[in-house]
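If you're matching positions, the sequence shown starts at 1 in the UniProt record's numbering and goes up one per residue.
Reading through the structure tokens given below for one structure.
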Amino acid sequence: LTTIKAFIVKELCVDCILGMDFINKYKMIINTEERTVSIRDDHKRTTLQFDVNKHCINYPARLINHIRIPPKRTVSVPVSVALSSAQVLFRPSFKLQQRSPILMLNSSLNIHRHTSFISLHNPTNEVRLLPKGIILGTTTIPTLSFKKDPDIDYSFAQKNICNLIQPITNSAQKDKVKRVLDKHVKLFDTTKPTIVINVKPHAIKTLDYPPPSSKPYYSTPAKQDAMYKITQELLQFALIRPSYSPYAAPALLVAKHDGTWRMVVDYKKLNNITIKDNHPLPNMEQTIQVLGNGYQFFSKFDMKSGFWQIPIEEEDRHKTAFITPEGLYEWNVLAQGLKNSPPSFQRVMTDILSPCRQFALVYIDDIVVYSRSFEEH
1 LTTIKAFIVK ELCVDCILGM DFINKYKMII NTEERTVSIR DDHKRTTLQF
51 DVNKHCINYP ARLINHIRIP PKRTVSVPVS VALSSAQVLF RPSFKLQQRS
101 PILMLNSSLN IHRHTSFISL HNPTNEVRLL PKGIILGTTT IPTLSFKKDP
151 DIDYSFAQKN ICNLIQPITN SAQKDKVKRV LDKHVKLFDT TKPTIVINVK
201 PHAIKTLDYP PPSSKPYYST PAKQDAMYKI TQELLQFALI RPSYSPYAAP
251 ALLVAKHDGT WRMVVDYKKL NNITIKDNHP LPNMEQTIQV LGNGYQFFSK
301 FDMKSGFWQI PIEEEDRHKT AFITPEGLYE WNVLAQGLKN SPPSFQRVMT
351 DILSPCRQFA LVYIDDIVVY SRSFEEH
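Here you go:
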């Protein structure tokens, strides 16, 4: 049992802070290599294990004023944070995003005199109100960590980054771009598929017809082996699952340019009874006109297996069932060949990038960011 005089502080970022008086009084020894701390009391020493940076230091970001956001508009609003001055990371409130259509982005904030500013976007056709004092999200003080994420293939990601910046001839600009990309290195590890969880899943609305089904297409033994390997890989990454559906669309293999096989599914019968999604795709002529309006710097982003990043509504997954010589499977994610895959994916991308519409255009899974100067870019 140890005792020490303590000051009571309002909204302290941690439960307790021990100073040099405590360290000297109890002859504390901190061993960072073994992650232990030992203290001496009554001629005996007690050793405890501790964790480094086990918890992030978080502060809520509260709206300072009552806010009215017009339809299809982006506004910058002041928020209060229990920090006088700092650069922090902002993460939008999941609960607020669940009950409000207002869009916010993960971002870096500069706090000055307990105040910072956050951009809010209203993608709807109605005025949206947010009350004073509501928590928009959480700010986190960045901490240095030297522990690498075991799920990230850093060498593969760095190889992708180096290939992407290769066309940049200005060495100073190349270094600046690389530093930005290195901060988001996880995005460039494309060895494993990623399924997003914060978007509305794809729905398949069908007419009142019996479920269409087909027999598996004939294939050679070599193609059957290739099909089996592909389905096993899709199962491993949870992109598909075994199915017991009355639906059954035949799968087939298409040769790629490199001689390998791509599996596609003939959804012609399912598409014939699927209600069309009329969400518009961008007009390419208008896109070219926008990009030709004096812009000189362009960055193009392409989604790796973009459709596979969008989940399908649980109640509609059985409709995507496809049949191979080995069995029946259904998709957990958006599949190519479905009637409404392009407009559904376009809707997701348009909503996500709506706060960036002044400098970014998206056509399904292709994004272009455009600027008039490198600094602006």
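Backbone N, C-alpha and C define an ideal beta-carbon position, used for all residues, glycine too.
field: C-alpha gap between L291 and Y370, whole angstroms
entry: 7 Å
- prompt: Are the beta-carbon atoms belonging to I135 and R62 less than 8 Å from one another?
  reply: Closer than 8 Å, so yes.
- prompt: Who are the Cβ neighbours of D316 in its own chain at under 7 Å, not counting the five residues just before and after it?
  reply: If we look at D316 and ignore the five residues flanking it on each side, its Cβ neighbours are A203 and I204.
- prompt: Closest to Q87 by CA distance: which of R73, N110, R68 and Q97 is it?
  reply: N110
message: For a quick check, are the C-beta atoms of K178 and I161 less than 8 Å apart?
response: Taking 8 Å as the Cβ cut-off, K178 and I161 qualify as a contacting pair.
message: Distance check for L334 and K200, CA to CA, integer angstroms please.
response: 12 Å
field: Rounded separation between W331 and I273 - CA only
entry: 18 Å
query: Is there contact here, the stretch 66 to 76 with the stretch 120 to 138, by at least three beta-carbon pairs under 8 Å?
result: A contact exists between the stretch 66 to 76 and the stretch 120 to 138.
Inter-residue spacing [alpha-carbon to alpha-carbon] between A226 and Q236: 15 Å
- prompt: In this structure, does DSSP put S213 in helix, strand or coil?
  reply: Here S213 sits in strand by DSSP.
message: Count Cβ pairs between the stretch 277 to 289 and the stretch 337 to 353 that sit closer than 8 Å; are there 3 or more?
response: yes
- request: Under 8 Å by Cβ, that's how I've got D153 and D208 pegged, so tell me the actual separation to the nearest angstrom.
  value: That belief does not hold up - the Cβ atoms of D153 and D208 are roughly 47 Å apart, past 8 Å.
field: Contacts around L144, its chain only, beta-carbon distance under 6 Å, and the 5 residues preceding and following it disregarded
entry: At L144 the pLDDT is 49, less than 50, meaning the model places this residue with poor confidence and gives no usable figure here.
query: In or out: P78 buried (at least 16 other Cβ within 10 Å) or exposed?
result: exposed
message: I'd like to know whether the C-beta atoms of A222 and F322 end up nearer to each other than 8 Å.
response: no
message: Which same chain residues end up closer than 6 Å to N271 when comparing Cβ atoms and leaving out the 5 residues on each side of it in sequence?
response: K339
task: Taking D21 as the reference, give the member of G306, V196 and T2 with the closest Cα.
output: T2
query: Skipping 5 residues on each side, what residues in its chain have a beta carbon closer than 8 Å to that of T138?
result: Take T138, set aside five residues on each side of it, and the residues of its chain with a beta-carbon closer than 8 Å to its own are N58, Y59, P60, A61, F90, R91 and S93, in chain order.
field: Burial state of residue 381 (16 or more Cβ within 10 Å)
entry: An answer regarding residue 381 cannot be provided, because it is not within the stretch 1 to 377 covered by the chain.
query: Measuring CA to CA, which of S100, R45, R113 and K176 is closest to P131?
result: S100
- prompt: Are residue 379 and T320 closer than 8 Å when you measure CB to CB?
  reply: Lying outside 1 to 377, the shown extent of the chain, residue 379 is not represented and no answer is given.
Cβ neighbour criterion (16 or more within 10 Å) applied to H121: A residue is called buried once 16 or more other Cβ atoms fall within 10 Å of its Cβ, and H121 is buried on that count.
- request: Could you check if L234 is buried or exposed, using at least 16 other CB atoms within 10 Å of its CB as the buried criterion?
  value: buried
Helix, strand or coil at P246 [DSSP, three-state]: coil
- prompt: Per DSSP, what kind of secondary structure is K159 in: helix, strand or coil?
  reply: helix
- prompt: Excluding sequence positions up to five away, which residues of its chain have a Cβ less than 7 Å from the Cβ of S305?
  reply: P193
query: What runs of the beta strand (DSSP E), each 3 residues or longer, lie entirely inside the stretch 250 to 278?
result: Whole beta strand (DSSP E) segments, 3+ residues: 261 to 265.
task: Find out if the Cβ-Cβ distance for the pair S213, H318 is shorter than 8 Å.
output: no
task: Between the Cα of L361 and those of F374, Q289 and W308, spot the shortest distance and give me the residue it belongs to.
output: Ranking the options by Cα distance to L361, first place goes to Q289.
- request: Tell me whether the beta-carbon of A249 lies closer than 8 Å to the beta-carbon of V265.
  value: Yes.
message: Applying the 10 Å Cβ sphere with the 16-neighbour rule, what's the burial state of H257?
response: exposed
task: Go through its chain and collect everything with a Cβ distance to M263's Cβ below 7 Å, but skip five positions before and after it.
output: M227, I230, A251 and L253
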